[in-house]
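Single-structure report; data block below.
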Amino acid sequence: LAKDQLVLMLHTGTGGMCGSTMRFFNQVFKEDDEDKLAEKEQEKAELHDFEPADPYRQKWFEAPHLYGIPADSPSARHFLTAVSAVANFGFVNRTAITYHIQESLREVFGDKQMRAKLMFDSSHVTVQQEDHVNGRFWVHRNGANWAAPASYMSDHPLYSQTGQPIPVPGSMGSDSYIAVASEGAHDTFCSTNHGAGRLLDKPEAGTAFGEAQVLEQMQSRGIRLYRYGNSDVTEQAPGAFKNIDNVLNVMEQFDIAKGVVKVRPLATLKG
18 LAKDQLVLML HTGTGGMCGS TMRFFNQVFK EDDEDKLAEK EQEKAELHDF EPADPYRQKW
78 FEAPHLYGIP ADSPSARHFL TAVSAVANFG FVNRTAITYH IQESLREVFG DKQMRAKLMF
138 DSSHVTVQQE DHVNGRFWVH RNGANWAAPA SYMSDHPLYS QTGQPIPVPG SMGSDSYIAV
198 ASEGAHDTFC STNHGAGRLL DKPEAGTAFG EAQVLEQMQS RGIRLYRYGN SDVTEQAPGA
258 FKNIDNVLNV MEQFDIAKGV VKVRPLATLK G
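Going by this note's numbering, the sequence shown opens with residue 18, and the numbers climb by one from there.
In structure tokens:
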């Protein structure tokens, strides 16, 4: 990475396949008499003296109903196979989009040999067995990024020195960071957030911000917005997301990751 370099950050998944798969298996687990799955009582999460400042955060303190399932049961094996297939679909989706972006760059710059080098690709919904400091565990990341510190990447020629790269996007109208995993990530099972995170969910953002307001904000920052189809830009309004600098400060404070490069948005494709 270098100053004035063009950086492309791509955030897309399965186009609804993941959510459909999770809802299907949630119902399977609920009805699975063979494994005698018990529904846990809803409990409030305790976050070490932290008091939620607004109703939006309060609702996430209510733990959803969870189902325990033996990892070697037929339902679990089917679930893990489906999750792997969904993750592969997301990877192929990003690969196809990356290919078309590269072809567009070649056409714009008139260089058929131009290549965009991939720094890292990571899914943020996965369930897999992993080796960590205290043993081997099932790690379920939902809306979380893989964050392997240098000591975990001992076989990689570069990342064994730096730690794994972590894209930390802000919003389509605010700055983002590229960070690297720090050694404190061992305490989070090599996991971290995959972006700034929302202050408002999509329906709330659509109510709070008007389309003209969002477009004016983007234009005032000199950011060109490309829209595909009937995408609702109010859902992704910059004001619906947390301050990216504050988020990175917390990541660094807990030694989960450290920022390397801050990137400023020039253009956004919303589809």
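Quick reminder that beta carbons are idealized off the backbone N, C-alpha and C, glycines included.
All values reported here derive from a predicted model rather than from experimental measurement.
Best match in the options for proximity to residue i [C-alpha to C-alpha]
i	options	result
Met136	Met268, Leu25, Ala104, Ser168	Leu25
Ala274	Val109, Phe41, Asn162, Ser248	Asn162
Ala165	Ile118, His149, Ala198, Thr285	Ala198
Glu228	Gln253, Asp218, Leu216	Gln253
Arg241	Gly190, Glu269, Glu120	Gly190
Thr143	Phe41, Gly212, Gly160, Tyr243	Gly160
Gln119	Lys134, Ala196, Asn43	Lys134
Asn151	Gly212, Leu27, Asp204	Asp204
Arg40	Ala19, Leu23, Ala99, Ser90	Ala99
Asn210	Gln181, Arg158, Lys219	Arg158
Gln236	Leu265, Thr285, Phe108, Val278	Thr285
Ser188	Ala102, Val156, Val45, Leu217	Leu217
Asn43	Lys20, Ala19, His95, Leu27	His95
Tyr116	Leu27, Pro220, Gly256, Gln230	Leu27
Pro184	Pro174, Ala213, Gln145, Leu175	Ala213
Residue j beta carbon less than 9 angstroms from that of residue i
i	j	result
Leu283	Gly246	no
Val280	Tyr194	yes
Thr292	Arg111	Because residue 292 is not part of the residues shown, which for the chain are 18 to 288, the question remains open.
Ala196	Leu265	yes
Ser92	Val45	yes
Nonlocal neighbours in the same chain, by C-beta distance under 7 angstroms from residue i, ignoring five residues either side
i	result
Asn263	none
Phe271	Gly201
His65	Because the pLDDT at His65 is just 44, under 50, the model does not fix this residue reliably, and the value given afterwards should be weighed accordingly. Within the same chain, His65 has no close Cβ partners at all.
His141	Arg158, Gly160, Ala161, Asn162, His211
6 angstroms CB neighbourhood of residue i in its chain, flanking five on each side removed
i	result
Ser139	Asn162, Trp163
Ser177	Ala167, Met170, Ser171
Pro156	With the sequence shown as reference, residue 156 is identified as Val, and Pro is not the correct amino acid for it. Once the five neighbours on either side are set aside, the close Cβ partners of Val156 are Glu147, Phe206.
Thr224	none
Glu269	Lys275
Lys219	Glu252
Exposure of residue i, with buried meaning 16 or more beta-carbon neighbours within 10 Å
i	result
Met131	exposed
Ala202	buried
Gln181	buried
Glu56	In this prediction, Glu56 has a pLDDT of 45, which is less than 50 and means its spatial position is unreliable; nothing more can be read from the coordinates.
Gly36	exposed
Phe226	buried
Leu291	Absent from the structure is residue 291, since the part of the chain shown begins at 18 and ends at 288.
Gly32	exposed
Phe154	exposed
Ser336	The shown model of the chain, from 18 to 288, leaves out residue 336, and the question about it has no answer.
Gly127	exposed
Other residues of its chain near residue i: CB distance less than 8 angstroms, five sequence neighbours each side excluded
i	result
Leu232	Leu242, Val250
Uninterrupted beta strand (DSSP E) stretches inside the stretch 170–233 (no shorter than 3 residues):
182–185, 193–198, 208–210
Length-filtered (4 minimum) alpha helix (DSSP H) runs lying within the stretch 127–154
none
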